[in-house]
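Colleague: Can you keep this structure in mind? I'll have questions shortly.
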Amino acid sequence: HGVFLIETGIYPETTEHKISDVDDSGRGMPEFMRPSGVRFVDGTAIMDLRNFQSPDFNDFIDSSFKQISDRKCKSLIIDLRYNVGGQSTLADYLLSYLLDGEYQSMVSDAIKISFTTSDYIAQLQSMGLGRNEGGLYVWDGLPTMPVVRNNRFDGKLYILTGSMTYSTAGFFANVIQCY
6 HGVFLIETGI YPETTEHKIS DVDDSGRGMP EFMRPSGVRF VDGTAIMDLR NFQSPDFNDF
66 IDSSFKQISD RKCKSLIIDL RYNVGGQSTL ADYLLSYLLD GEYQSMVSDA IKISFTTSDY
126 IAQLQSMGLG RNEGGLYVWD GLPTMPVVRN NRFDGKLYIL TGSMTYSTAG FFANVIQCY
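Numbering-wise, my numbering puts 58 at position 53 of the sequence shown, and it's gapless, one number per residue.
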(Lines of atoms letter the chains of each structure in order from A; the text may use other names.)
(Lines give C-alpha, C1' and ligand atoms only; values in the text may rest on other atoms or scores of the structure.)
Protein backbone atom coordinates (compact mmCIF):
# COMPACT_ATOMS: atom_id res chain seq x y z
CA HIS A 6 0.00 0.00 0.00
CA GLY A 7 1.17 3.50 -0.77
CA VAL A 8 0.96 6.92 0.74
CA PHE A 9 -0.52 10.06 -0.80
CA LEU A 10 1.24 13.34 -0.23
CA ILE A 11 -1.35 16.13 -0.09
CA GLU A 12 -0.31 19.76 0.18
CA THR A 13 -2.85 22.14 1.68
CA GLY A 14 -2.80 25.87 2.27
CA ILE A 15 -1.93 28.87 0.15
CA TYR A 16 1.63 29.25 -1.06
CA PRO A 17 4.02 30.02 0.59
CA GLU A 18 2.26 28.85 3.77
CA THR A 19 1.51 25.26 2.85
CA THR A 20 1.45 22.08 4.86
CA GLU A 21 2.24 18.61 3.56
CA HIS A 22 0.14 15.68 4.76
CA LYS A 23 0.99 12.02 4.30
CA ILE A 24 -2.21 10.01 4.01
CA SER A 25 -2.32 6.24 3.76
CA ASP A 26 -4.11 4.96 0.68
CA VAL A 27 -6.15 2.49 2.75
CA ASP A 28 -8.10 2.99 5.96
CA ASP A 29 -7.07 0.02 8.12
CA SER A 30 -10.28 0.03 10.21
CA GLY A 31 -11.65 -2.81 8.07
CA ARG A 32 -8.43 -4.85 8.03
CA GLY A 33 -8.93 -8.29 6.54
CA MET A 34 -12.09 -7.24 4.72
CA PRO A 35 -12.03 -6.92 0.90
CA GLU A 36 -11.80 -3.26 -0.18
CA PHE A 37 -15.17 -3.23 -1.94
CA MET A 38 -16.96 -4.51 1.19
CA ARG A 39 -15.65 -1.94 3.67
CA PRO A 40 -18.24 0.58 4.89
CA SER A 41 -18.18 4.25 3.98
CA GLY A 42 -16.62 6.50 6.57
CA VAL A 43 -15.02 9.84 7.25
CA ARG A 44 -11.80 10.51 9.15
CA PHE A 45 -9.74 13.59 9.86
CA VAL A 46 -6.02 14.24 9.48
CA ASP A 47 -4.51 17.65 10.28
CA GLY A 48 -7.44 19.79 9.12
CA THR A 49 -8.24 17.55 6.16
CA ALA A 50 -11.38 15.43 5.99
CA ILE A 51 -11.07 12.12 4.16
CA MET A 52 -14.41 10.66 3.07
CA ASP A 53 -14.19 7.06 1.93
CA LEU A 54 -17.41 6.66 -0.04
CA ARG A 55 -18.12 3.05 -1.09
CA ASN A 56 -21.50 3.49 -2.82
CA PHE A 57 -24.41 5.76 -3.65
CA GLN A 58 -27.06 3.25 -2.55
CA SER A 59 -26.99 2.88 1.23
CA PRO A 60 -30.37 3.48 2.91
CA ASP A 61 -28.68 5.80 5.44
CA PHE A 62 -26.66 7.68 2.79
CA ASN A 63 -28.26 11.10 3.40
CA ASP A 64 -27.82 10.78 7.18
CA PHE A 65 -24.16 9.81 6.67
CA ILE A 66 -23.58 12.82 4.38
CA ASP A 67 -25.39 15.24 6.73
CA SER A 68 -23.41 13.98 9.73
CA SER A 69 -20.10 14.04 7.83
CA PHE A 70 -20.50 17.61 6.64
CA LYS A 71 -21.54 18.75 10.13
CA GLN A 72 -18.29 17.24 11.46
CA ILE A 73 -16.28 18.77 8.60
CA SER A 74 -17.80 22.18 9.37
CA ASP A 75 -17.37 21.84 13.14
CA ARG A 76 -13.70 20.91 12.67
CA LYS A 77 -13.24 23.80 10.21
CA CYS A 78 -11.56 21.54 7.64
CA LYS A 79 -9.90 23.42 4.80
CA SER A 80 -9.49 20.36 2.55
CA LEU A 81 -11.71 17.42 1.70
CA ILE A 82 -10.64 14.24 -0.05
CA ILE A 83 -13.49 12.09 -1.39
CA ASP A 84 -12.18 8.61 -2.11
CA LEU A 85 -14.26 6.89 -4.81
CA ARG A 86 -11.68 4.28 -5.78
CA TYR A 87 -13.85 1.39 -4.56
CA ASN A 88 -17.25 3.00 -5.12
CA VAL A 89 -19.64 0.64 -6.91
CA GLY A 90 -22.11 3.38 -7.95
CA GLY A 91 -25.80 3.53 -7.15
CA GLN A 92 -28.56 6.11 -7.34
CA SER A 93 -27.87 9.40 -9.09
CA THR A 94 -30.25 11.18 -6.69
CA LEU A 95 -27.85 10.35 -3.85
CA ALA A 96 -24.93 11.74 -5.84
CA ASP A 97 -27.00 14.90 -6.31
CA TYR A 98 -27.50 15.02 -2.55
CA LEU A 99 -23.73 14.95 -1.99
CA LEU A 100 -23.20 17.52 -4.76
CA SER A 101 -25.54 19.88 -2.91
CA TYR A 102 -22.87 20.14 -0.19
CA LEU A 103 -20.14 20.90 -2.72
CA LEU A 104 -21.67 23.08 -5.46
CA ASP A 105 -23.60 26.30 -5.02
CA GLY A 106 -24.72 26.78 -8.61
CA GLU A 107 -26.74 25.02 -11.26
CA TYR A 108 -25.10 21.98 -12.85
CA GLN A 109 -25.91 19.34 -15.41
CA SER A 110 -24.75 15.74 -14.87
CA MET A 111 -25.26 14.79 -18.52
CA VAL A 112 -25.70 16.72 -21.74
CA SER A 113 -27.75 14.04 -23.47
CA ASP A 114 -28.47 10.34 -23.41
CA ALA A 115 -29.65 7.81 -25.98
CA ILE A 116 -31.09 4.32 -25.98
CA LYS A 117 -31.75 1.96 -28.84
CA ILE A 118 -35.44 1.74 -29.71
CA SER A 119 -36.58 -1.86 -29.22
CA PHE A 120 -39.35 -3.93 -27.73
CA THR A 121 -37.54 -4.06 -24.37
CA THR A 122 -37.13 -0.26 -24.16
CA SER A 123 -40.59 0.68 -25.47
CA ASP A 124 -42.20 1.16 -22.02
CA TYR A 125 -39.35 3.38 -20.85
CA ILE A 126 -39.49 5.43 -24.05
CA ALA A 127 -43.26 5.82 -23.59
CA GLN A 128 -42.61 7.26 -20.10
CA LEU A 129 -40.09 9.74 -21.51
CA GLN A 130 -42.52 10.76 -24.25
CA SER A 131 -45.33 11.26 -21.69
CA MET A 132 -43.06 13.74 -19.88
CA GLY A 133 -42.28 15.55 -23.11
CA LEU A 134 -38.65 14.41 -23.08
CA GLY A 135 -36.68 13.22 -26.07
CA ARG A 136 -36.99 12.52 -29.75
CA ASN A 137 -36.56 9.68 -32.22
CA GLU A 138 -33.30 9.95 -34.16
CA GLY A 139 -32.87 7.06 -36.58
CA GLY A 140 -33.36 4.05 -34.33
CA LEU A 141 -32.24 5.84 -31.17
CA TYR A 142 -34.36 7.72 -28.68
CA VAL A 143 -32.36 10.76 -27.54
CA TRP A 144 -33.12 13.20 -24.73
CA ASP A 145 -31.27 16.16 -23.31
CA GLY A 146 -30.10 16.26 -19.73
CA LEU A 147 -31.83 18.71 -17.44
CA PRO A 148 -30.00 21.15 -15.18
CA THR A 149 -30.09 20.55 -11.44
CA MET A 150 -30.77 23.62 -9.35
CA PRO A 151 -28.70 24.29 -6.22
CA VAL A 152 -30.04 23.42 -2.77
CA VAL A 153 -29.16 25.60 0.22
CA ARG A 154 -27.12 23.66 2.80
CA ASN A 155 -26.02 24.92 6.21
CA ASN A 156 -22.72 23.04 6.17
CA ARG A 157 -21.74 23.49 2.51
CA PHE A 158 -18.02 22.82 2.01
CA ASP A 159 -16.08 25.61 0.30
CA GLY A 160 -12.47 24.53 0.82
CA LYS A 161 -10.07 22.62 -1.39
CA LEU A 162 -11.64 19.47 -2.84
CA TYR A 163 -9.83 16.35 -4.11
CA ILE A 164 -11.52 13.36 -5.74
CA LEU A 165 -9.75 9.99 -5.90
CA THR A 166 -10.93 7.58 -8.61
CA GLY A 167 -9.58 4.28 -9.85
CA SER A 168 -10.30 1.24 -11.95
CA MET A 169 -13.05 0.19 -9.52
CA THR A 170 -14.94 3.50 -9.66
CA TYR A 171 -18.24 2.60 -11.34
CA SER A 172 -21.40 4.14 -12.72
CA THR A 173 -22.79 6.96 -10.56
CA ALA A 174 -19.40 7.46 -8.88
CA GLY A 175 -17.89 8.21 -12.31
CA PHE A 176 -20.70 10.63 -13.15
CA PHE A 177 -20.19 12.34 -9.80
CA ALA A 178 -16.45 12.75 -10.43
CA ASN A 179 -17.17 14.17 -13.90
CA VAL A 180 -19.60 16.75 -12.52
CA ILE A 181 -17.03 17.86 -9.95
CA GLN A 182 -14.39 18.14 -12.67
CA CYS A 183 -16.68 20.24 -14.88
CA TYR A 184 -18.11 22.52 -12.19
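C-beta: ideal position from N, C-alpha, C; glycine also.
Among residues of its own chain, excluding the 5 on either side of T173, which ones have a beta-carbon nearer than 6 Å to its beta-carbon?
Modeller: Answer for T173: F57, G90, G91, S93, A96, listed in chain order.
Colleague: Compare the beta carbon distance of G146 and D105 with 8 Å and say whether it is the shorter of the two.
Modeller: Not a contact, by the Cβ cut-off of 8 Å.
Colleague: What first and last residue would you give for the alpha helix (DSSP H) that runs through K117?
Modeller: Run containing K117: none in the alpha helix (DSSP H); it sits in the beta strand (DSSP E), 113 to 117.
Colleague: When DSSP labels each residue in this structure, what does T170 get in the three-state scheme?
Modeller: DSSP places T170 in coil when its eight states are reduced to three.
Colleague: Under a three-way DSSP split, which group does Y142 fall into?
Modeller: Note: Y142 maps to strand in three-state DSSP.
Colleague: Sorted by chain position, which residues of the same chain lie with C-beta nearer than 8 Å to M150's C-beta, five sequence neighbours on each side aside?
Modeller: E107, listed in sequence order.
Colleague: Taking 8 Å as the threshold (C-beta atoms), are T170 and L85 in contact?
Modeller: The answer is yes: Cβ separation under 8 Å.
Colleague: My guess is that Y102 and I66 are in contact by the Cβ rule of under 8 Å, so how many angstroms apart are they, rounded?
Modeller: Y102 to I66, Cβ: 7 Å. Contact.
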